[in-house]
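Notes for the one structure printed next.
Residue numbers (our numbering): 6 to 312.
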């Protein structure tokens with residue numbers, strides 16, 4: 006049997022999600038609070054102890070809802086507590102990242118900015134609970150958690166409905182075939198900048214890839230239950246993307262069913278999908294940030310005039 010250390014090393018090589026932090030480094034960065042499954046630390050040095058304690062309790066509650074949702078264990082006895090670190094915004098943005106396989110902490114999640122309403126924490130805690138080296142399968146599982154127990158403003162929903170995002174891509178003829186989304190980062194509009202740092206070089210492809218993944222995962226969860234998704238990821242340890250073995254159909258057939266279900270459920274959603282077409286066509290910038298503003302203000306930006 007492969008040892009746990011080897012398994013973790015393989016996962017680290019496949020995930021390449023973030024710089025690895027140790028529990029000792031987290032504690033050195035500032036105050037630390039322990040919950041049943043988490044070691045929560047403040048890397049900013051700015052959070053009062055009472056606020057850090059409240060954030061830790063909030064994160065623990067989210068994690069417990071996730072454990073109930075997926076019917077899994079936190080594995081704290083074998084892997085230790087998940088290291089959760091609150092940090093400054095990342096290049097001015099609020100987000101979260103996950104790493105697996107640190108020297109002292111086997112699993113860590115770092116939250117950048119927006120501490121009171123963190124973004125993508127449920128997604129990244131899922132990666133910590135159920136590590137998966139394939140980017141597509143990993144994001145499918147994380148998307149379900151974020152949709153059901155996370156923050157609706159998180160990427161890629163960005164305050165919208167991921168199904169409406171996909172309808173907008175169909176409407177504009179920019180839908181990405183799921184077969185194009187590989188286990189690598191490049192096919193998702195992202196690039197490894199070294200040291201575990203990921204950079205988006207094509208935010209429009211990134212938005213499409215992640216929104217499609219979230220919508221597709223939601224369809225599969227409705228059609229096959231969460232057990233179907235868990236079976237898919239479990240069998241992927243022995244076979245790359247075992248769609249037929251896990252769900253009884255290949256990707257092309259599943260994708261066709263998913264798109265047909267979106268079409269059937271799209272009646273009355275033309276205004277929402279139209280707004281997102283305009284969000285994507287509004288010129289350079291971050292489409293997710295624009296979509297959040299649309300969610301807050303209720304109107305989509307006007308596309309720039311043709312040159």
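Where is the CB? At the ideal position from N, CA and C, for every residue including glycine.
Assuming residue i is part of the beta strand (DSSP E), what are its boundary residues?
i	result
residue 100	100-105
residue 204	203-205
residue 43	43-47
residue 88	87-92
residue 196	195-197
residue 37	37-39
Which one of the options has the shortest CA to CA distance from residue i?
i	options	result
residue 117	44, 106, 125, 99	99
residue 147	45, 246, 101	101
residue 122	159, 132, 78	159
residue 93	240, 110, 120	120
residue 71	283, 128, 226	128
residue 133	192, 293, 81, 303	81
residue 157	125, 88, 79	125
residue 254	269, 239, 225, 270	225
residue 238	145, 289, 87	145
residue 140	85, 196, 112, 287	196
residue 194	68, 88, 69, 291	291
residue 73	293, 249, 301, 232	232
residue 96	61, 203, 189	203
residue 69	112, 51, 55, 131	131
residue 62	259, 38, 173	38
residue 57	91, 77, 42	91
residue 169	46, 301, 272	272
residue 240	229, 230, 252	252
residue 205	293, 110, 270, 282	293
residue 370	143, 112, 55	The shown model of the chain, from 6 to 312, leaves out residue 370, and the question about it has no answer.
residue 110	54, 76, 46	46
residue 178	36, 282, 54, 55	282
residue 276	165, 236, 190, 250	165
residue 236	199, 75, 303, 198	75
residue 227	149, 198, 256, 303	149
Return the first residue and the last residue of the alpha helix (DSSP H) that residue i is part of.
i	result
residue 73	54-75
residue 291	Run containing residue 291: none; DSSP gives neither H nor E here.
residue 168	167-177
residue 121	Where residue 121 is concerned, there is no enclosing alpha helix (DSSP H), given that its DSSP letter is neither H nor E.
residue 153	140-154
residue 261	256-269
residue 190	Careful: residue 190 lies outside any alpha helix (DSSP H) and carries neither H nor E.
residue 283	275-285
residue 251	248-252
residue 232	208-240
residue 162	From DSSP, residue 162 is part of no alpha helix (DSSP H); its letter is neither H nor E.
residue 184	Looking at the DSSP string, residue 184 is not in any alpha helix (DSSP H), and its letter there is neither H nor E.
residue 130	126-134
residue 84	81-84
Do residue i and residue j have their C-beta atoms within less than 8 Å of each other?
i	j	result
residue 65	residue 40	yes
residue 274	residue 299	no
residue 163	residue 297	yes
residue 171	residue 267	yes
residue 114	residue 84	no
residue 104	residue 176	no
residue 86	residue 43	yes
residue 259	residue 248	yes
residue 289	residue 295	no
residue 188	residue 136	no
residue 285	residue 173	yes
On the DSSP bridge list, what partners appear for residue i?
i	result
residue 114	89, 103
residue 95	98
Are the C-beta of residue i and some C-beta of chain B separated by less than 8 Å?
i	result
residue 191	Included in the structure is just one protein chain, with no chain B present.
- Task: Would you check if the segment 259-274 and the segment 220-230 touch, i.e. whether three or more CB-CB distances between them fall below 8 Å?
- Result: yes
- Counting pairs of beta carbons, one from the segment 175-184 and one from the segment 200-217, are three or more of them closer than 8 Å? yes
- Query: Using 8 Å as the threshold, is the segment 141-159 in touch with the segment 197-211, meaning 3 or more CB pairs across them?
  - Reply: no
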